[in-house]
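In our numbering, the protein residues as written are 382 to 577.
The beta carbon of each residue, even a glycine, is placed where N, CA and C say it ideally should be.
Predicted model only: the values in this text are computed from it and were never measured.
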């Protein structure tokens, strides 16, 4: 079990790497925490520093979720519940990174990486929901919230394992909670629309 606890620590520290900040600093762009929405995730990087860095941030944040889960799956004897805890550790690392005083992103891309490993078919369904809502109303936040709300149900019907459903539900609830300001702006009509 020592290897499992080491994996938990590694998962959190990997998840806590602030991809968006590192990429924008290396490119000489403005500090994204002081620009746009102030969020360190891919959407704000896209708006502040451009399409290329936004996409790279999305990929990097997704890998922070995928890599620890893939690594956990290689450890012998780990039950689905243990793998789920590793996934949660990586996700919480992104949302509450020690490197940034526990002030991180909203977790959508990191959750995406986790779910791509745990249940890629469910991700297809959630992405379809996200894409339709983004196309119809041009709100990234609305699509993200709806996809987060849907994916526990999708994983329940596709996978069915209690540990995976519980992991997904926990992560999804945190994603929605971290979008609470976006929900307020959506309700009062002041949320920013996505511009390609």
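- Per DSSP, reduced to three states, the secondary structure at residue 459 is coil, with no helix or strand assignment.
- DSSP places residue 476 within a helical segment (H, G or I) once states are collapsed to three.
- In this structure, residue 523 sits away from residue 490, with a CB-CB distance that is not shorter than 7 Å.
- In this structure residue 569 is exposed. Its beta-carbon is surrounded by fewer than 16 other beta-carbon atoms within 10 angstroms.
- Residues 435 of the same chain have their beta carbon placed closer than 7 Å to that of residue 427, with the five preceding and five following residues left out of the count.
- A Cβ-Cβ contact shorter than 7 Å links residue 385 with residue 463.
- If you ignore the 5 residues before and after residue 446, its C-beta comes within less than 6 Å of the C-beta of 471, 491, 494 and 495, all in its own chain and listed in chain order.
- The beta carbons of residue 575 and residue 519 sit closer together than 7 Å.
- Residue state for residue 571 is assigned as coil, using DSSP reduced to three classes.
- In the structure shown, residue 519 adopts coil according to DSSP, grouped into three states.
- Distance from the Cα of residue 551 is smallest, within the candidate group 465, 420, 480 and 517, for 465.
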